[in-house]
Amino acid sequence: MKSVQLLFLSLLLPIFAVAQESSESLDARINENFKNATSWFTDAIFAEIPITSEVGIPWVLIVLIIGASYFTIYFKLINIRGFFTAIKVVKGDYDDLENSAKVEVSESVHTTEKNDNPNTIRVEGSEGEVSHFQALTAALSATVGLGNIAGVAIALSIGGPGATFWMILVGFLGMASKFVECTLGVKYREVDENGVVYGGPMYYLRKGLHEKGLKRLGKILAVVFAIMCIGGSFGGGNMFQVNQAFQLFQYVTGGEESIFYGKGWLFGLIMAVFVGIVIIGGIKKIAKVTDKVVPLMVATYVLAILIILGINYESIPAAFGEIFNGAFSYEGVAGGFIGVMIQGFKRAAFSNEAGIGSSSIAHAAVKTNYAASEGLVALLEPFIDTVVVCTMTALVLIITGQITAGTEVSFEQGAILTSNALESGISWFPYVLTVAVILFAFSSMISWSYYGHQAWSYLFGRSKKAEYTYKTIFCIFVIIGAAASLQAVVDFADAMVFSMLVPNMIGLYLLAPKVKEELKRYKNAIQQKKTKN
Numbered sequence: 050m051k052s053v054q055l056l057f058l059s060l061l062l063p064i065f066a067v068a069q070e071s072s073e074s075l076d077a078r079i080n081e082n083f084k085n086a087t088s089w090f091t092d093a094i095f096a097e098i099p100i101t102s103e104v105g106i107p108w109v110l111i112v113l114i115i116g117a118s119y120f121t122i123y124f125k126l127i128n129i130r131g132f133f134t135a136i137k138v139v140k141g142d143y144d145d146l147e148n149s150a151k152v153e154v155s156e157s158v159h160t161t162e163k164n165d166n167p168n169t170i171r172v173e174g175s176e177g178e179v180s181h182f183q184a185l186t187a188a189l190s191a192t193v194g195l196g197n198i199a200g201v202a203i204a205l206s207i208g209g210p211g212a213t214f215w216m217i218l219v220g221f222l223g224m225a226s227k228f229v230e231c232t233l234g235v236k237y238r239e240v241d242e243n244g245v246v247y248g249g250p251m252y253y254l255r256k257g258l259h260e261k262g263l264k265r266l267g268k269i270l271a272v273v274f275a276i277m278c279i280g281g282s283f284g285g286g287n288m289f290q291v292n293q294a295f296q297l298f299q300y301v302t303g304g305e306e307s308i309f310y311g312k313g314w315l316f317g318l319i320m321a322v323f324v325g326i327v328i329i330g331g332i333k334k335i336a337k338v339t340d341k342v343v344p345l346m347v348a349t350y351v352l353a354i355l356i357i358l359g360i361n362y363e364s365i366p367a368a369f370g371e372i373f374n375g376a377f378s379y380e381g382v383a384g385g386f387i388g389v390m391i392q393g394f395k396r397a398a399f400s401n402e403a404g405i406g407s408s409s410i411a412h413a414a415v416k417t418n419y420a421a422s423e424g425l426v427a428l429l430e431p432f433i434d435t436v437v438v439c440t441m442t443a444l445v446l447i448i449t450g451q452i453t454a455g456t457e458v459s460f461e462q463g464a465i466l467t468s469n470a471l472e473s474g475i476s477w478f479p480y481v482l483t484v485a486v487i488l489f490a491f492s493s494m495i496s497w498s499y500y501g502h503q504a505w506s507y508l509f510g511r512s513k514k515a516e517y518t519y520k521t522i523f524c525i526f527v528i529i530g531a532a533a534s535l536q537a538v539v540d541f542a543d544a545m546v547f548s549m550l551v552p553n554m555i556g557l558y559l560l561a562p563k564v565k566e567e568l569k570r571y572k573n574a575i576q577q578k579k580t581k582n
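First residue of the sequence shown: 50, per my numbering; consecutive thereafter.
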């Protein structure tokens, strides 16, 4: 299989080199043909429901927000009440509680569902592969990224500083959705005889709805989710990430004068090699990388932001004033709901993926005997990603005057605006940002490769042949993504990512009572521990 991978790469390199001169015209033809074939699907997913004669909101975003609001109420503000417990879980305060707990076998699954894989142990809360912290960083590596850098600039350019307020609100509500889906991800995961974990919406949709007497519906929704997840992993989780990283890298190193100008294939090849090295090792290898890369990249970016805020500390109160004063103006509301939600979700402005279901795949691999413990850990994702990092980016953009409200900018231009904001403080900061963007893109790709592989294995089996086939295709798409500018392909992939919410949100709503049971069980265990102490 390794020889097949090398053969694929050796065949691709000459193609990219020979086609370099005519790549733009080739890109344009491919882009146009693909758009003609897939625009119906993209348009359907992002179809807008008119709010006023001028303002509309895509229906998928309405579903996400209504769902997040419902779960916030249903679980009695778990976003707030579970916050400090989540921090304690990540710190390891309850590790002894989990290690001493007995593994609970889901009798209902054994008695109602035929085990079609003799090597699969269907249990709740079995051993797992990674720690709470590693599961959190693996999921964060897929969410914290270009949306925090470029997406915020896009949202503020459309709606002004007030858009930041709506970002924070949606991030807060998303914490509840994340809690529900990641609790279910652990509860209904499967572990094979080698201890490898398989989890995510594919499994809780099929098994959870089966328990509720909705076997056929569960199977259909699981397959739909898996198909969309694979498509999203190739596009939004791969091609888009590497393409935008290369564009900023090329810009910072001189633009058209850069020695890397027009050599996206080379940048993509280097990235593909590093991605391939990591993803071959599975979630354990991915977690070992992300638990180092994610804190490093977030710390690097946040440190740069804090320095700029420190230099301009006198302007911070005024910036917050602009955020709150603009939040309820027409411009602010339009920017918040159109700029933040459309550009944010569509181009990962929030990138927390709450309600999409993807993060539950990474969280399912955690070592725990209590599903709700990881659900609580997961609610920290939208807080870190949106409430903290996106807000800090917004403050820097506002303070440095990079935003002109009412203008529409591309993702590449958004990254350049953030780069210029950092450069206003220290001239070499754009290079720091470029390194951060490359790390963001790299970590997003390795995590999305895991998501896509889990969905692939659900549909095509868990053999080594199936595994390496997917991973080889994924690495090839890294090279293609850096070399080509196929906007229609990325738009279609985004539509596939957001279409994942349809089966996922149906499952979350129907299985919410199961999550409440798991939360109660975990709370009782914590209380018993406190009583003994």
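C-beta: ideal position from N, C-alpha, C; glycine also.
For clarity, every value in this text was computed on a predicted model and none was experimentally measured.
1. Rounded to whole angstroms, how far is the Cβ of S422 from the Cβ of Y247, which I believe are closer than 8 Å?
2. So, are the CB atoms of P210 and E371 less than 8 Å apart?
3. I need the straight-line Cα distance from V109 to A532, nearest angstrom please.
4. As an exercise, report each continuous beta strand (DSSP E) stretch of at least 3 residues that is fully enclosed by the region 288 to 357, in chain order.
5. Would you identify the three-state DSSP class for Y584, choosing helix, strand or coil?
6. Opposite Y247 in the DSSP bridges: which residues?
7. Between the region 420 to 439 and the region 256 to 268, do three or more beta carbon pairs fall short of 8 Å?
8. Could you check where the alpha helix (DSSP H) with E371 kicks off and where it finishes?
9. Quick one: measure Cβ to Cβ for F298 and F289, integer angstroms, because I've assumed they're closer than 8 Å.
10. Could you tell me whether the region 321 to 330 touches the region 559 to 567, using the rule of 3 or more Cβ pairs below 8 Å?
11. Measure the Cβ-Cβ separation of L446 and A202 and say whether it is below 8 Å.
12. Should F283 and F316 be called a contact, given that it needs their Cβ atoms to be closer than 8 Å?
13. Would you please state the rounded distance, in angstroms, between the beta carbons of G249 and S409? I believe it to be under 8 Å.
14. From A544 to V240, what distance separates their C-alpha atoms?
15. So the candidates are I452, G223 and T435; which of them puts its Cα closest to the Cα of G406?
16. Determine the burial state of W89: buried for a count of at least 16 other Cβ atoms within 10 Å of its Cβ, exposed for fewer.
17. Buried or exposed for F386, please, with buried defined as at least 16 other CB atoms from any protein chain shown within 10 angstroms of its CB.
18. Going along the chain, which unbroken runs of the alpha helix (DSSP H) with 4 or more residues stay wholly within the region 496 to 521?
19. Using the rule of at least 16 other Cβ atoms within 10 Å of the residue's Cβ for burial, across every protein chain shown, is G131 buried or exposed?
20. Of the residues F274, G424, E81 and V481, which one's Cα is nearest the Cα of F124?
21. With G105 as the anchor, note down where its beta strand (DSSP E) starts and where it stops.
22. Which same chain residues end up closer than 6 Å to A275 when comparing Cβ atoms and leaving out the 5 residues on each side of it in sequence?
23. For P562, report the span of its alpha helix (DSSP H) as first-last.
24. Using three-state DSSP, classify F399 as helix, strand or coil.
25. E423 lies in the alpha helix (DSSP H); which residues open and close that run?
26. Kindly list the residues whose CB is nearer than 7 Å to the CB of N168, restricted to its own chain and excluding five residues on each side of it in sequence; keep chain order.
27. Are the CB atoms of Y519 and G501 nearer to each other than 8 Å?
28. Name the DSSP beta bridge partners of P99, please?
29. Cα-Cα, which of A537, T302, I448 and V415 is closest to L355?
30. I need the boundaries of the alpha helix (DSSP H) containing Q282, first residue and last residue.
31. M346 and L488 look like a contact to me (Cβ under 8 Å); what is the Cβ gap, rounded to whole Å?
32. Straight-line CA distance for E516 to K565?
33. Considering K140, what are the terminal residues of the alpha helix (DSSP H) in which it resides?
34. For F394, which residues in the same chain have their Cβ closer than 6 Å to its Cβ, ignoring the five residues on either side in sequence?
35. Counting only the same chain and skipping the five closest in sequence on each side, list residues whose C-beta sits under 6 Å from that of R255.
36. Is A542 near G281, with beta carbons less than 8 Å apart?
Taking the definition as stated:
1. Locating residue 422 in the sequence shown gives position 373, counting from the first residue. Locating residue 247 in the sequence shown gives position 198, counting from the first residue. Separation of the CB atoms of S422 and Y247 is rounded to 19 Å, and the pair is thereby denied contact status at 8 Å.
2. Along the sequence shown, read from residue 1 onward, the residue named residue 210 stands at position 161. Along the sequence shown, read from residue 1 onward, the residue named residue 371 stands at position 322. Result yes, Cβ atoms of P210 and E371 sit closer than 8 Å.
3. Here residue 109 refers to the residue found at position 60 of the sequence shown. Here residue 532 refers to the residue found at position 483 of the sequence shown. So the two alpha carbons sit approximately 31 Å from each other.
4. none
5. The question about residue 584 has no answer here: the residues shown for the chain are numbered 50 through 582.
6. Translated into positions along the sequence shown, residue 247 becomes position 198. Answer is E239.
7. no
8. On the sequence shown, position 322 is the one that residue 371 refers to. Its alpha helix (DSSP H) spans residues I365 to G375.
9. On the sequence shown, residue 298 is found 249 positions in, with the first residue counted as 1. On the sequence shown, residue 289 is found 240 positions in, with the first residue counted as 1. Incorrect: roughly 15 Å between the Cβ atoms, too far for contact.
10. no
11. Here residue 446 refers to the residue found at position 397 of the sequence shown. Here residue 202 refers to the residue found at position 153 of the sequence shown. In this structure, A202 lies closer than 8 Å to L446 by Cβ.
12. In the sequence shown, the residue the question calls residue 283 occupies position 234. In the sequence shown, the residue the question calls residue 316 occupies position 267. Not closer than 8 Å, so no.
13. Residue mapping note: residue 249 aligns to position 200 of the sequence shown, counting from 1. Residue mapping note: residue 409 aligns to position 360 of the sequence shown, counting from 1. With 8 Å as the limit, G249 and S409 qualify as a contact, their Cβ atoms being about 5 Å apart.
14. Within the sequence shown, numbered from 1, the residue matching residue 544 stands at position 495. Within the sequence shown, numbered from 1, the residue matching residue 240 stands at position 191. If I take the Cα positions, the gap works out to 31 Å.
15. For the purposes of this step, residue 406 is taken as residue 357 along the sequence shown, with counting starting at 1. Minimum Cα distance to G406 is reached at G223.
16. As a working mapping, residue 89 is identified with position 40 in the sequence shown. By the neighbour-count rule (16 or more Cβ atoms within 10 Å), W89 is not buried but exposed.
17. Numbered from its first residue, the sequence shown carries residue 386 at position 337. Residue placement at F386 is poorly supported in this model, since its pLDDT is 49, which falls under 50; the coordinates still yield a value, given next. Under this definition F386 is a buried residue.
18. none
19. Translated into positions along the sequence shown, residue 131 becomes position 82. Buried, since its Cβ has 16 or more Cβ neighbours within 10 Å.
20. Here residue 124 refers to the residue found at position 75 when the sequence shown is read from its first residue. Of F274, G424, E81 and V481, the residue nearest in Cα terms is G424.
21. The sequence position of residue 105 within the sequence shown is 56, counting from 1. G105 to P107 is the extent of the beta strand (DSSP E) around G105.
22. One-based indexing of the sequence shown puts residue 275 at position 226. Cβ neighbours of A275 within its own chain (closer than 6 Å, five residues either side excluded): M251, A504, Y507 and L508.
23. Counted from its first residue, the sequence shown places residue 562 at position 513. Where P562 is concerned, the enclosing alpha helix (DSSP H) starts and stops at L550 to K581.
24. Residue numbering aside, residue 399 sits at position 350 when the sequence shown is read from its first letter. Low confidence applies here, because F399 scores a pLDDT of 48, under 50, leaving its location unreliable and the question unanswered by this model.
25. Indexing the sequence shown from 1 puts residue 423 at position 374. Its alpha helix (DSSP H) spans residues A420 to A427.
26. Residue numbering aside, residue 168 sits at position 119 when the sequence shown is read from its first letter. With a pLDDT of only 44 at N168, under 50, the local geometry of the prediction cannot be trusted, and no value is derived from it.
27. Counting from one through the sequence shown, the residue named residue 519 turns up at place 470. Counting from one through the sequence shown, the residue named residue 501 turns up at place 452. Cβ distance < 8 Å, so Y519 and G501 count as in contact.
28. What you label residue 99 is simply residue 50 of the sequence shown in a count that begins at 1. According to DSSP, which records beta bridges pairwise, P99 is partnered with G105.
29. The residue you call residue 355 lines up with position 306 of the sequence shown. Nearest of A537, T302, I448 and V415 to L355, Cα basis: I448.
30. For this step, residue 282 is matched to residue 233 along the sequence shown. Rather than Gln, the amino acid found at residue 282 in this sequence is Ser. Start and end: K264 to F283.
31. Against the sequence shown, residue 346 aligns to sequence position 297. Against the sequence shown, residue 488 aligns to sequence position 439. At roughly 4 Å, the Cβ-Cβ gap stays under 8 Å, so M346 and L488 are in contact.
32. Looking up residue 516 in the sequence shown gives position 467. Looking up residue 565 in the sequence shown gives position 516. Whole-angstrom Cα-Cα distance: 35 Å.
33. Start at 1 with the first residue of the sequence shown, and residue 140 comes out as number 91. Looking at the DSSP string, the run of the alpha helix (DSSP H) that includes K140 is F132 to K140.
34. In the sequence shown, residue 394 corresponds to position 345, counting from 1. Its pLDDT being 44, under 50, F394 is placed unreliably in this model, and the coordinates cannot settle the point.
35. Here residue 255 refers to the residue found at position 206 when the sequence shown is read from its first residue. Closer than 6 Å at Cβ, skipping near neighbours: G267, K268 and A271.
36. Looking up residue 542 in the sequence shown gives position 493. Looking up residue 281 in the sequence shown gives position 232. Result yes, Cβ atoms of A542 and G281 sit closer than 8 Å.
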